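See structure below.
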Amino acid sequence: MKKHNIGNGIPISPILNSFEPSVNNSKNNWATKKRLLFISCLSIAVAVAISLIAKALIYLINLVTNISFYGLFEFGFHSPAGNHLGLLVIIIPAIGGILVGLMAVYGSKAIRGHGIPEAMEQILVNGSKIKPSITFLKPISSAIAIGTGGPFGAEGPIIATGGALGSTLGQLFRISSNERKIILASGATAGMSAIFGTPIAAVFLAIELLLFEFSPKSILPVALACITGAAGHHLLFESGPVFAMPDLATPSNLSLAVYSFIGLIIGFLSLGITKIVYLIEDSFEKLPLNWMWWPAIGGLAVGVIGYFAPHTLGVGYDNITGILSGKWPLTLICTLCLFKFLSWAIALGSGTSGGTLAPLLTIGGAAGAIIGTLIQTWFPQAGIIIPMAALIGMSAMFAGASRAYLTSITFALEATMQSHALLPLLGACTAAYIVSFIFMENTIMTEKIARRGVFTPDSFEPDILQKINVARVINGKKTILNAYATILEVRELLKNQNVQDSFLVTTDNDNRYTGTVKLSDIYKYRENLETSLREITQPDHLSVQSNDNLRKAVELMSEQKAEVLPVLSADDHRVIDVLSYRDIILSYKYHIQDNDQASTFISLKRKRIKMMLRNKKAKTRG
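In terms of full-length UniProt numbering, the sequence shown opens at residue 1 and continues consecutively.
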């Protein structure tokens with residue numbers, strides 16, 4: 001036999017000169033940054049367009065409202081609550097429902113609903129692809145539904161429209177589904193920012209409900225789009241807070257605790273509201289009528305309720321401002337809270353086109369004001385003020401119903417410009433979020449798509465592969481073969497080794513990496529067994545360094561369809577081990593085991609605490 005090292009234990013020299021990690025990495029990083037700039041430019045373009053569409057949508061809603069309730073061809077705002085139609089007001093929302101139903105049948109069924117769940121579904125299951133027709137069908141159908149008295153806000157439709165516009169633009173260019181998701185989220189959140197002038201809340205909305213990730217490549221385009229949308233808001237709408245309210249003083253510690261308690265109550269209310277909305281939707285599913293007629297039935301209910309409670313008709317942003325002012329009488333707030341909820345729940349359950357944010361803010365703000373008034377009457381020493389109670393009720397309702405925790409807090413702060421409300425908002429929204437998380441499996445945003453079998457991520461942990469270095473998962477026991485060894489020699493060597501990988505790394509006599517060889521090829525070779533291993537080696541120059549993360553290794557494996565990679569020392573680029581896909585899978589396994597152990601430890605600790613409490617109670621009774 002030839003005398004040379006066959007397998008492990010040989011010193012390994014630096015890899016082939018063609019491998020230049022620093023140059024390749026810098027090229028890849030520059031290409032990634034150029035791509036980020038391109039996606040950011042597309043996002044800004046979408047934001048500019050959606051700002052103009054947002055203004056057009058508001059004008060269109062006002063026009064339909066003025067025609068429907070006042071017979072005027074005007075674009076200025078007139079609340080439908082001031083109409084003098086009498087009983088005729090009942091049929092106006094029903095007519096709007098019929099028109100929306102016809103548009104859904106002959107246009108697109110996707111216009112039904114409040115927009116955000118539909119966008120979430122397209123992101124999760126359809127590669128962020130939305131039909132281009134939604135870009136104009138959604139705002140028109142929403143303008144008809146809201147303008148004829150539908151109890152919705154304009155934000156839901158504009159979010160859906162912005163998402164559709166972003167998705168359409170993404171489909172025109174050759175970009176990945178993840179990049180299309182980013183542009184979709186940029187368009188959706190830019191629409192929210194354009195309506196309310198709340199860019200920070202819009203960024204958080206993207207993170208919590210649309211992107212399901214937090215990384216520079218996704219946040220930067222979305223942030224630029226939201227800033228552009230906010231600029232459009234100041235240019236096309238107004239520069240002050242959307243919901244003006246009296247200046248709030250810094251609350252005392254006792255008041256802060258009471259406001260947090262109000263948030264806890266609102267959390268339970270949000271749970272009940274979510275269940276009732278979907279109970280009504282299930283009831284419509286059982287009707288012996290085609291779904292096209294459901295919005296008309298819902299509109300009829302909206303009209304009946306609007307006849308007795310006119311303030312429930314239309315967008316109702318003025319209602320939110322009135323509630324936050326602290327000057328509305330309690331009877332009016334109670335009436336608005338109850339009937340706005342009934343009108344909105346029935347209309348939304350019927351499948352018409354509209355949004356959820358404004359109704360939730362109205363209902364939550366009214367509920368907070370009611371609870372605050374009761375506490376102020378019974379416990380005046382708590383120092384509760386009604387505007388603050390209304391504000392935290394508004395925010396806690398959205399936090400509990402949607403579980404968009406950060407969005408709820410920052411939206412209330414940006415929309416009112418009340419910095420002293422930060423701590424009460426934090427306490428109240430946290431309490432509402434806890435209730436929602438413990439007692440409600442899905443939210444008002446995810447229940448619909450969850451019923452269709454679509455799983456929505458509920459946590460945003462860092463990528464495990466990015467947190468783990470290659471050095472942590474290799475064990476130094478992989479087989480490295482000499483390419484000049486004969487097939488017979490290799491077979492003899494492998495008899496005494498437990499080789500699990502189908503690919504083995506080979507090196508030449510100078511200990512340079514030459515490529516990989518299939519284990520099956522070694523054993524199926526039937527010709528001259530004195531043939532050297534290099535004859536069946538598959539040459540490549542792929543490798544990773546020991547200080548690289550596993551994500552880079554996975555990307556290389558997937559791009560080049562490699563099952564193993566040589567691992568190079570970070571110091572001198574010598575081959576020190578082999579990384580296989582099994583090692584990567586084990587890293588996930590260990591991570592899951594660590595989490596399970598932590599959960600088990602917490603569960604055991606809870607059981608011990610319960611046992612101790614039971615023992616104490618037993619001793620006390622004894």
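Beta carbons are placed, not taken as given, at the ideal position from N, Cα and C, and that holds for glycine.
Since the structure is predicted, the reported quantities are computational estimates derived from the model, not experimental observations.
Looking at the DSSP output, Asn469 shares a beta bridge with Asn549.
With a minimum length of 4 residues, the unbroken runs of alpha helix (DSSP H) contained wholly in the segment 323 to 411 fall at 330 to 349, 357 to 378, 386 to 402. Counting other Cβ atoms within 10 Å of its Cβ, Ser402 reaches 16 or more and is therefore classed as buried. Counted as a single uninterrupted DSSP element, the beta strand (DSSP E) harbouring Asp577 occupies residues 575 to 580. In the three-state scheme derived from DSSP, where H, G and I count as helix and E and B as strand, Leu425 is classed as helix.
One Cα belongs to Ile371, the other to Tyr581, and the distance between them is close to 58 Å. Between the alpha carbons of Met388 and Ser108 lies a distance of about 42 Å. Here Ser343 is not near Ile297, since their CB atoms are 8 Å or more apart.
Assigned with DSSP and collapsed to three states, Leu565 falls in strand.
For Pro359, the number of other beta carbons within 10 angstroms of its own is at least 16, and it is reported as buried. Contact between Ile123 and Leu184 holds, with the beta-carbon distance rounding to 7 Å and staying under 8 Å.
Judged by DSSP secondary structure, Tyr525 falls outside any beta strand (DSSP E); it is assigned neither H nor E. Of all C-beta pairs linking the segment 530 to 547 to the segment 480 to 498, three or more are shorter than 8 Å, placing the two stretches in contact.
For the pair Ile273 and Ile363, the CB atoms are nearer than the 8 Å cut-off.
Using a 10 angstroms sphere on the CB of Trp30, the tally of other CB atoms stays under 16, which defines it as exposed. Of all C-beta pairs linking the segment 402 to 413 to the segment 282 to 300, fewer than three are shorter than 8 Å, placing the two stretches out of contact. For the pair Pro246 and Thr416, the CB atoms are not nearer than the 8 Å cut-off.
Between Gly229 and Ile50, the gap from beta carbon to beta carbon is short of 8 Å.
Distances from the CA of Val222 to each of Leu586, Ile468, Ser43 were compared; the closest alpha carbon is that of Ser43.
The segment 321 to 329 makes no contact with the segment 149 to 166, as fewer than three CB pairs between them are under 8 Å.
Per DSSP, the unbroken beta strand (DSSP E) holding Tyr513 starts and ends at 513 to 518. For Ile92, the enclosing alpha helix (DSSP H) has its first and last residue at 91 to 106. In this structure, the CA atom of Leu336 is about 17 Å from the CA atom of Leu348.
When secondary structure is reduced to three states using DSSP, Ile444 falls in the coil class, being assigned neither helix nor strand.
Ser133 sits in coil when the DSSP states are folded into three classes, being neither helix nor strand.
Annotation: the continuous beta strand (DSSP E) that includes Leu481 extends over 480 to 482. In this structure Ser68 does not touch Gly150 by the C-beta definition: roughly 11 Å separates them, more than the 8 Å allowed.
Taken atom to atom, the span from the alpha-carbon of Gly197 to that of Gly232 is near 8 Å. For the pair Met394 and Gln545, the Cα-to-Cα distance works out to about 52 Å. Beta bridge pairing from DSSP links Thr486 with Ser532. Annotated three-state conformation of Gln171 is helix, per DSSP. Around Leu248, the same chain offers Ile385, Pro387, Met388, Leu391, Gln418, His420, Ala421 as residues with beta carbons nearer than 8 Å, after the five sequence neighbours per side are excluded. With respect to Arg112, Thr377 sits apart: the two C-beta atoms are not nearer than 8 Å. Here Phe75 is exposed: its Cβ has fewer than 16 other Cβ atoms, across all protein chains shown, within 10 Å. In the DSSP assignment, Gly82 falls outside any alpha helix (DSSP H), carrying neither H nor E. For Pro246, DSSP records no beta bridge to any residue.
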